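*Asks:* Sequence lines, in order, name chains F and C. Counting in numbering that gives the first Met the number 0, the first sequence runs from 0 upward without gaps. Counting in numbering that gives the first Met the number 0, the second sequence runs from 0 upward without gaps. All residues carry an ideal CB built from backbone N, CA and C; glycine is no exception. Since the structure is predicted, the reported quantities are computational estimates derived from the model, not experimental observations. Quick one: the structure is below, questions incoming.
Number of protein chains: 2
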Amino acid sequence: MQFYNTKKPQKAYAERTALRIITLGGTEKVTKNLTVYEYGEDIIIVDCGIGFPDIFDMPGVDVLIPDFTYLIENRHKIKGLFITHGHEDHVGAVPNLLLELPDIQVYASKLVGEFLKVKLNDGALKELGKNFHYHLMDPTTGTVDLGKFKVSAFRMNHSIPETMGFAIRSPEGLILHISDYKFDATPVLDKPADVSSIERYGKEGVLCLLSDCLGITSEGHTKSESTLNDTFIKLFDRAGKKQIFVTTMSSNISRMYQIMNAAQKLGRKLVASGRSVEQMVDVARRLGYLPFPDDFFIKEQECQKYDQGELVYLIAGCYGQSGSSLSRLSRGEHESITLEKDAIVIFSGDPNPPGADIMVEKVMDALTLKGANVIYGEIQENLHVSGHAVKGDIEKLTKMVNAKYFIPIGGSITKMRAYTNVLNFIGIAKDRVFECLEGDSVNFLFNKATKGDHVQTKPIYMGSNKLEELNPVVVRDRNQLCSEGVFVVAIPVSRKNQPMLDRVEIITRGFIYVKDSQDLMNKSKKFIGKRLGKLNSGKQNITNIKKKLENEIGNYLRKETSMQPMIIVHFITI
Amino acid sequence: MQFYNTKKPQKAYAERTALRIITLGGTEKVTKNLTVYEYGEDIIIVDCGIGFPDIFDMPGVDVLIPDFTYLIENRHKIKGLFITHGHEDHVGAVPNLLLELPDIQVYASKLVGEFLKVKLNDGALKELGKNFHYHLMDPTTGTVDLGKFKVSAFRMNHSIPETMGFAIRSPEGLILHISDYKFDATPVLDKPADVSSIERYGKEGVLCLLSDCLGITSEGHTKSESTLNDTFIKLFDRAGKKQIFVTTMSSNISRMYQIMNAAQKLGRKLVASGRSVEQMVDVARRLGYLPFPDDFFIKEQECQKYDQGELVYLIAGCYGQSGSSLSRLSRGEHESITLEKDAIVIFSGDPNPPGADIMVEKVMDALTLKGANVIYGEIQENLHVSGHAVKGDIEKLTKMVNAKYFIPIGGSITKMRAYTNVLNFIGIAKDRVFECLEGDSVNFLFNKATKGDHVQTKPIYMGSNKLEELNPVVVRDRNQLCSEGVFVVAIPVSRKNQPMLDRVEIITRGFIYVKDSQDLMNKSKKFIGKRLGKLNSGKQNITNIKKKLENEIGNYLRKETSMQPMIIVHFITI
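Written as structure tokens, this is what we have:
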């Protein structure tokens, strides 16, 4: 095995710098991908994506972004940010990073560059967009020298075109970074993954492979996108003159192409419905991915002017998102489109995304109830193929690269462990695999990897305005409000600084139904008056009284109702 | 085809009573099963189960129960309640029904009877328990005459022993009611489903079949519980002297038996952990289902006295429920059990229950992180078999029964539609299948079925105290509080009935972080003072001012923050 670094004379141990890889995101939770490569005074970053909130304990949180503290502290070292592909969990937090570090040089494919330009041309980000340092990284030929790093792209397949892996050369050796990927020998719009480059790197000697482990627990090999070729033609043909809707992930341009192709063959025109789908169709057309004539595309607002049998609706909302175009259609609340009684609605998205099953079923139920014929993965073959490598593919990549060390990325803790076990089964010792949590690091020195210092990170919540951080206290409070409501006790305080015991008011919501609970309200008022009188007589300061009283009211209500609303005691000086 | 009713002389049409079947629950949403059979002055009920809240818009709702209004209004007609099997979504709301109608006669298996007695011996229900009218219905021989109905039980298989179908004879004909079921030729503790009785009824002539449609979109036939026979023995054997945990649905007594059997064979003793598991083990042992010696069972509190290699923990929480014993263990918060570093944790539950995937992964991740070796369906075969018939089984039942009409139950709207389509494919016209929503009814008269009147129902929410109803207003308020918090404006009103504009106080939680938002708070106060002054000058009544002010503040805050907290304006008369 020949390593890149062996060509140079080696420094003495004490002087030599280690290569450090920090997984700031993209482990533990699949999304929010961000990996830092650091060597001395140089840092390069791979990916900068958003994460999705835990639906059970992050009410009102729209997305999560990586904690950029480490990058801000080391801003002088950052030489560039490389993006593997255009999914939001890999590129979605770039605007947030640019808000902190507007001078970062971004290296990405044409498609990703286009996405970013669209985002950075929107409202509050416009100023930032003017200063945007974008460099085209061609998936086949792109190579960049940045400080001690030399980064070369190679083509991979995924559920979006122009997906890349990166060969990252450092003085300590060659790293391959292959985030979300599959091998597709017959992709629909893209070219096949560049297996020969990977093999060549493998022969040269790879110090560490970072790669997607999400599909590790599924057996076999992931099917090609082109296996769906005939599906849409057959389904559209069978539909006769009925209204047709197809929903898929709005970033899957290859799927869109297949749907449009089938529509064209059957003499139908296409309506893109939903903001995300419309935007994607725009970008993809601009880049030449959807070479259909202009008059093939019908604006949503004009769809009612056409015979519905002449159209195919490509509609956003395949995960049942409640604000999506499809969800509004299912509830009869769509502003432009009317669902016909015998419409065909085809779900061509991931049939099993975490946490989405209930939402999807809700939308399917509502559509069925309105008379639509819903077609989905359980009752129809070949509606979807995954964009992720599965066990057989992962084993293939592992053997091809034959790295000295491995870091699984893009999966949960359970998936990382399964990855370690599968690799172990094919002969790779467990100490060659580093399962990294968010903020963990691995140091590479003299051809040997060791676990490095942990970089402290905290969750960063973003509300509906994706550019402004939500304070964790606000999220915690929402959680508490959510479960058993709020119980506010307003206590007027006289000018002589005396609480007016007979003027205490209770304001409560989400706790009990007040009209049915007059007895409890009266008893509570009495209790509060009594306790307040007692606490006040002790000449304690007001903050103390407030805290004690909140505690006592909480205990009292728990005893009376077995519930624990949020208690707020508030003094109002008159 | 010979129908029961043809033996009697037929009344003239005008005089004759229709048989009416009302699906008060158990359609649309799988759970909350309750079917009403009504003929003239007689009603019998089949099942009375709880439902589960929609995790996205029912915060603080623990369970749903059926709306009993129709039953209360027709209480004089009710002759009896029949329970098919012991799952909570079929029997869990019986205590709630008894609170309304304490004199209902309940017909159920020994196992279900035991469950109910345990429930009705608890706290607030004790009095009710004393008056509990329970009648043993033997799955093989049970037959009861009640008014115009004659009900005979026959044995079915499911994921709990003593599951029954009912043959319900009425003057209009014979109905088969087969809720959750599978055909298991080699069950573990139970006997095989009574196929010959079903065939006999089929030959006799069945007017309508009500049966479980949940599995309709899965191909093939459901495997026997006994196919798991060797799994646990192999896994326990492979574990050597390591600590072992197994989690499964706490009602699956057959699975428990297999786990205990394997434990005993490997010389280990059993610890039942978690309230639901402990209760079930108690009941099952009392009924002779778990014939292991007393000293085989070790109390959870004493588990630390044993070498951990001598025990198997049967632990509650296979769906990752956050309060469960397994979840607490995974967080290191269990009061009695300490997870050892190389423990084996086996998930032997449904791998894909709706909405549970995220919770399950969270628990698996936490266990893995603590060093446990987690074994689950994706990486280990034969850890679980379903309790529900799938497509091949449903086709088999359909052909055996050869009913004139069909009502799919226990599935969503989408599943009901798939059921109709599958039956249609094997030659049953669509107008012979009645897809019923909650409250829908079907009338049977002169051997013909027609859709009947709809019985109005509303959702009945129960909080953590499962016996007291939560007002829908409270649930709606929690939803609003949840998403963007609460903004309370307390306005003191002087003795002269004048609002004190300079004493307005704002109390807010879950909306913005107040310490970072002093500017917004000050501006809001000013805005409120100004608007209040204006509104007050118009001599409007206080309710009007309150409403208008709340509206205006809402608009103001939405403009300033793009958020919509719940706004409460409250006047405090001094």
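Short of 8 Å Cβ to Cβ, which residues in the region 515-543 of chain F face chain C?
*Replies:* 515
*Asks:* Among the residues of its own chain, which have a CB less than 6 Å from the CB of residue 222/C, if the five just before and after it don't count?
*Replies:* 384
*Asks:* Quick one, are the C-beta atoms of residue 289/C and residue 255/C less than 8 Å apart?
*Replies:* yes
*Asks:* Using a Cβ cut-off of 8 Å (strictly closer), state whether residue 288/F contacts chain C.
*Replies:* no
*Asks:* Report all residues from its chain with a CB closer than 6 Å to the CB of residue 133/F; omit the five preceding and five following residues, and keep chain order.
*Replies:* 105, 112
*Asks:* For the alpha helix (DSSP H) that residue 52/C lies in, which residues bound it at each end?
*Replies:* Element bounds for residue 52/C: n/a, residue is neither H nor E.
*Asks:* Under the DSSP definition of a beta bridge, which residues are partnered with residue 173/C?
*Replies:* 168/C
*Asks:* Is it right to say residue 425/C is buried, meaning 16 or more other beta carbons lie within 10 angstroms of its own, or is it exposed?
*Replies:* exposed
*Asks:* With DSSP as the reference, label residue 335/C as helix, strand or coil.
*Replies:* coil
*Asks:* Would you grab the beta carbon distance between residue 562/F and residue 510/F for me? Rounded to a whole angstrom, and I think it's under 8 Å.
*Replies:* 6 Å
*Asks:* On a CA-only basis, which of 282/C, 448/C, 456/C, 169/C is nearest residue 114/C? Give me that one, please.
*Replies:* The shortest Cα separation from residue 114/C among 282/C, 448/C, 456/C, 169/C belongs to 282/C.
*Asks:* Our contact map puts residue 127/F next to residue 172/F with C-beta atoms below 8 Å; I'd like the distance itself, whole angstroms only.
*Replies:* About 36 Å separates the two Cβ atoms, so there is no contact after all.
*Asks:* Straight-line CA distance for residue 199/C to residue 515/F?
*Replies:* Their Cα atoms are separated by approximately 55 Å.
*Asks:* Could you check whether residue 36/F and residue 167/F sit closer than 8 Å to each other, using their CB atoms as the reference points?
*Replies:* yes
*Asks:* Would the region 330-343 of chain C count as touching the region 303-315 of chain C if we require 3 or more Cβ pairs under 8 Å?
*Replies:* With a cut-off of 8 Å, the region 303-315 of chain C and the region 330-343 of chain C count as touching, because enough Cβ pairs lie within range.
*Asks:* Does residue 325/C have its Cβ less than 8 Å from a Cβ in chain F?
*Replies:* Under the Cβ distance rule, residue 325/C does not count among the residues neighbouring chain F, no pair being separated by less than 8 Å.
*Asks:* Keeping to the same chain, check which residues put their C-beta closer than 6 Å to that of residue 153/F; ignore five residues upstream and five downstream.
*Replies:* 164, 193, 196
*Asks:* Label residue 123/C either buried or exposed according to how many other C-beta atoms from any shown protein chain fall within 10 Å of its C-beta, with 16 as the threshold for buried.
*Replies:* exposed
*Asks:* Below 7 Å CB to CB, which residues in the same chain sit around residue 4/F once its five sequence neighbours on both sides are set aside?
*Replies:* Model confidence at residue 4/F stands at a pLDDT of 46, short of 50, so the residue's coordinates are unreliable; what they give is reported in the following sentence. Same-chain partners within the cutoff: 170, 171, 172.
*Asks:* Starting from residue 419/C, follow the beta strand (DSSP E) in both directions and report where the run begins and ends.
*Replies:* Premise fails: residue 419/C lies in the alpha helix (DSSP H), 412-424, not in any beta strand (DSSP E).
*Asks:* Apart from the five residues on each side of it in sequence, which residues of its chain come closer than 7 Å, Cβ to Cβ, to residue 436/F?
*Replies:* 26, 27
*Asks:* Is residue 554/F close to chain C? Criterion is C-beta to C-beta, closer than 8 Å.
*Replies:* no
*Asks:* I'd like to confirm the pairing. Which residues does DSSP put opposite residue 28/F in its beta bridges?
*Replies:* 411/F
*Asks:* For residue 241/C, tell me which candidate among 224/C, 191/C, 468/C, 342/C has the shortest Cα-Cα distance.
*Replies:* 342/C
*Asks:* Three-state secondary structure (DSSP) at residue 373/C?
*Replies:* Residue 373/C falls in the strand class under three-state DSSP.
*Asks:* Does residue 329/C have its Cβ less than 8 Å from a Cβ in chain F?
*Replies:* no
*Asks:* Is there at least one Cβ from chain C nearer than 8 Å to residue 470/F's Cβ?
*Replies:* So, interface residue.
*Asks:* Do residue 49/C and residue 33/C have their C-beta atoms within less than 8 Å of each other?
*Replies:* no
*Asks:* Beta carbons nearer than 9 Å to chain F: which residues of the region 454-465 of chain C have them?
*Replies:* Considering only beta carbons, the part of the region 454-465 of chain C lying closer than 9 Å to chain F consists of 462, 463, 464, in chain order.
*Asks:* Could you tell me which chain F residues have their CB closer than 7 Å to the CB of residue 487/C, listed as they occur along the chain?
*Replies:* 487, 506
*Asks:* Does the beta-carbon distance from residue 490/C to residue 571/C come in below 8 Å?
*Replies:* yes
*Asks:* From residue 217/F to residue 182/F, what does the alpha carbon distance come to, in whole angstroms?
*Replies:* Cα to Cα, the separation comes out at about 15 Å.
*Asks:* Tell me the rounded alpha-carbon separation between residue 331/F and residue 301/F.
*Replies:* A direct Cα-to-Cα measurement between residue 331/F and residue 301/F gives close to 18 Å.
*Asks:* For a test of the three-state rule: what should DSSP assign to residue 82/C, helix, strand or coil?
*Replies:* coil
*Asks:* Am I right that residue 185/F and residue 225/F are in contact with their C-beta atoms under 8 Å? What's the rounded C-beta distance?
*Replies:* Their Cβ separation, rounded to whole angstroms, is 4 Å, which keeps residue 185/F and residue 225/F in contact under 8 Å.
*Asks:* Three-state secondary structure (DSSP) at residue 513/C?
*Replies:* helix
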